[in-house]
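For the sequence shown, the numbering used here begins at 2 and goes up steadily by one.
Ideal placement from N, C-alpha and C gives every residue a C-beta, glycine not left out.
Bear in mind that the values here come from a model prediction, so they are computed numbers and not experimental data.
Okay, structure first, notes after.
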Amino acid sequence: MFGYILRRLLATIPVLGIVAVLVFLMLRLTPGDPAAVIAGDNATTAQIEAIRAKLGLDQPIITQFGIWAGNLLHGNLGESFFFKKTIGELILGRIEPTLSLAVATMLIAVCVAIPLGVLAAYKHGSWIDRIVMGFSVLGFSVPVFVIGYLLIYVFAITLGWLPVQGYQPISGGFGGFIQRLILPSVTLSVIYIALIARMTRASVLEVLSEDYIRTARAKGQVERKILFRHALKNAAVPIVTVVGIGIALLIGGVVVTESVFAIPGLGRLTVDAVLARDYPTIQAVILLFSVVYVAINLGIDLAYCLFDPRIKY
Numbered sequence: 002m003f004g005y006i007l008r009r010l011l012a013t014i015p016v017l018g019i020v021a022v023l024v025f026l027m028l029r030l031t032p033g034d035p036a037a038v039i040a041g042d043n044a045t046t047a048q049i050e051a052i053r054a055k056l057g058l059d060q061p062i063i064t065q066f067g068i069w070a071g072n073l074l075h076g077n078l079g080e081s082f083f084f085k086k087t088i089g090e091l092i093l094g095r096i097e098p099t100l101s102l103a104v105a106t107m108l109i110a111v112c113v114a115i116p117l118g119v120l121a122a123y124k125h126g127s128w129i130d131r132i133v134m135g136f137s138v139l140g141f142s143v144p145v146f147v148i149g150y151l152l153i154y155v156f157a158i159t160l161g162w163l164p165v166q167g168y169q170p171i172s173g174g175f176g177g178f179i180q181r182l183i184l185p186s187v188t189l190s191v192i193y194i195a196l197i198a199r200m201t202r203a204s205v206l207e208v209l210s211e212d213y214i215r216t217a218r219a220k221g222q223v224e225r226k227i228l229f230r231h232a233l234k235n236a237a238v239p240i241v242t243v244v245g246i247g248i249a250l251l252i253g254g255v256v257v258t259e260s261v262f263a264i265p266g267l268g269r270l271t272v273d274a275v276l277a278r279d280y281p282t283i284q285a286v287i288l289l290f291s292v293v294y295v296a297i298n299l300g301i302d303l304a305y306c307l308f309d310p311r312i313k314y
C-alpha cells in the first residue's frame with residue numbers, strides 16, 4: 002500500500018508542474034496589463050511603466066517564471082498586485098467560506114442522492130423511478146446560477162425565510178452561519194444530487210440481479226437490509242468514484258455560486274483577481290485548486306483498493 006501511495010504521489014509532481022507552466026504562460030500571453038489596471042484611467046505612460054518595473058512585469062517571461070517558481074518552492078506564494086497582501090493571507094482569509102460551502106453541498110448531495118438512487122433502483126420502472134430520473138435530467142440541464150436566482154426569489158424575496166446573500170463566519174453564531182449557507186449549498190448540490198442519484202441507481206440496479214441478492218431474499222432477510230447492507234455495499238466503488246469526481250467539480254461550481262450569493266470565498270477571490278489581472282493571486286488559487294483536484298483523484302484510487310479487493314497494488 003505504501004509503495005502504491007508513493008508512486009501515485011510522485012506521478013502528481015509532473016502534472017502540477019505542467020499546470021503551473023500552462024497557467025503562467027496563459028495569463029502572461031493574454032491581452033491586458035495589470036499595471037494599467039492598478040494605475041487607473043488617468044495614469045500617464047511613465048506611471049504605468051514605473052508600476053510595471055516595480056512588479057517585475059518588465060522582465061522577460063522566462064525570468065518572471067523562474068522568480069515565481071523559485072518563490073513557490075520556498076513556500077512563498079507571492080504578494081497580490083491588487084489586494085496589497087500576501088497571497089497566503091488572502092487564501093487563509095477566504096478558505097473558511099469555500100470549505101463550509103463545499104462540505105455542506107456534498108453532505109446534502111450524498112444524504113439525498115444515495116437513498117433516492119437506491120429507491121429508484123428498487124422501484125425500477127415505476128413512477129418513483131421516472132420522477133428520480135426526471136429530476137436527474139433537470140439537475141444536469143439547468144445552470145447553477147439559474148437555480149440560485151430562483152431559490153433567492155422564492156425563499157428569500159417572496160417568503161422571506163432566508164437571507165438573500167452574504168456569509169457569516171461560524172464564530173459569529175452558528176444560527177446565522179447555517180441560515181446563510183442553506184441557499185448556496187442547496188443551489189450547488191442540485192447537480193451533484195442528480196449525478197450521484199443516477200450513478201447509484203445504475204450501480205444498485207446491476208447488483209440487484211446478482212445471485213447472492215436472490216439468496217438473501219430466499220433466506221427471508223428484510224428488504225431494507227438487502228438493499229443497504231448487501232446491494233449498496235457491493236455497488237460502492239462507482240458511487241465513491243462519482244462522489245470524488247463531484248467534489249473535484251465543485252471547484253467550478255463554487256466560483257459561480259459564490260458570485261451569485263456574494264460569498265467571500267476562494268471562488269469570489271478568483272473572479273476578483275481575474276478582473277483585476279492579478280497574476281500572482283490567479284496562479285496561486287488555480288494551483289491550489291489543482292492540488293485539491295489531484296488529491297481527490299488520489300483518494301479515489303485508494304478507495305478503489307479498499308472497496309475492491311481484486312485490485313492489486
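{"Asked": "In DSSP terms, what E80 is bridged to", "Found": "T87"}
{"Asked": "Span of the alpha helix (DSSP H), counted from its first residue to its last, around E207", "Found": "F175 to V208"}
{"Asked": "Cβ neighbours of I301 in the same chain (closer than 6 angstroms, five flanking residues each side left out)", "Found": "T242 and G245"}
{"Asked": "Beta-carbon proximity check, L184 vs L163, cutoff 8 angstroms", "Found": "yes"}
{"Asked": "With 16 other Cβ atoms within 10 Å as the buried cut-off, status of S101", "Found": "buried"}
{"Asked": "Status (buried if at least 16 other CB within 10 Å, exposed otherwise) for Y314", "Found": "Residue confidence for Y314 is low, a pLDDT of 49 falling below 50, so the modelled location carries little weight and cannot support an answer."}
{"Asked": "With 16 other Cβ atoms within 10 Å as the buried cut-off, status of D212", "Found": "exposed"}
{"Asked": "DSSP state of R230 mapped onto helix, strand, coil", "Found": "helix"}
{"Asked": "Residue burial classification, G71 (beta-carbon count within 10 angstroms, cutoff 16)", "Found": "exposed"}
{"Asked": "Under 8 angstroms between C-beta atoms of L299 and R9", "Found": "yes"}
{"Asked": "Length at least 4, wholly inside the region 97-163: the alpha helix (DSSP H) runs in chain order", "Found": "128-142 and 145-152"}
{"Asked": "Buried versus exposed call for M27 [16 or more other C-beta atoms within 10 Å across all chains shown]", "Found": "exposed"}
{"Asked": "Rounded Cβ spacing between L196 and G247 (contact assumed at less than 8 angstroms)", "Found": "6 angstroms"}
{"Asked": "Boundaries (first-last residue) of the alpha helix (DSSP H) holding F66", "Found": "I62 to L74"}
{"Asked": "6 angstroms CB neighbourhood of L78 in its chain, flanking five on each side removed", "Found": "I88, G89 and A285"}
{"Asked": "Alpha-carbon to alpha-carbon, L250 and S291", "Found": "11 angstroms"}
{"Asked": "Contact set for V133: own chain, Cβ-Cβ below 8 angstroms, skip 5 residues either direction", "Found": "L117, G118, L120, A121, A198 and R202"}
{"Asked": "Assigned secondary structure, F315 (DSSP; H/G/I helix, E/B strand, else coil)", "Found": "Here the chain covers residues 2 to 314 and nothing more, so residue 315 does not appear."}
{"Asked": "Residues of its chain near I192, where Cβ-Cβ distance is below 6 angstroms and the 5 sequence neighbours each way are ignored", "Found": "G140"}
{"Asked": "CB contact flag (Y168, I63, <8 angstroms)", "Found": "no"}
{"Asked": "E224 - DSSP class collapsed to helix/strand/coil", "Found": "helix"}
{"Asked": "Check whether S186 and I109 have beta carbons under 8 angstroms apart", "Found": "yes"}
{"Asked": "Extent of the continuous alpha helix (DSSP H) to which A219 belongs", "Found": "D212 to A219"}
{"Asked": "Euclidean distance between Cα positions of T188 and V275", "Found": "24 angstroms"}
{"Asked": "Supposed close pair F82, Q166 - CB separation, criterion 8 angstroms", "Found": "No, F82 and Q166 are not in contact; Cβ-Cβ is about 27 angstroms, not under 8 angstroms."}
{"Asked": "P281 beta carbon less than 8 angstroms from that of E50", "Found": "no"}
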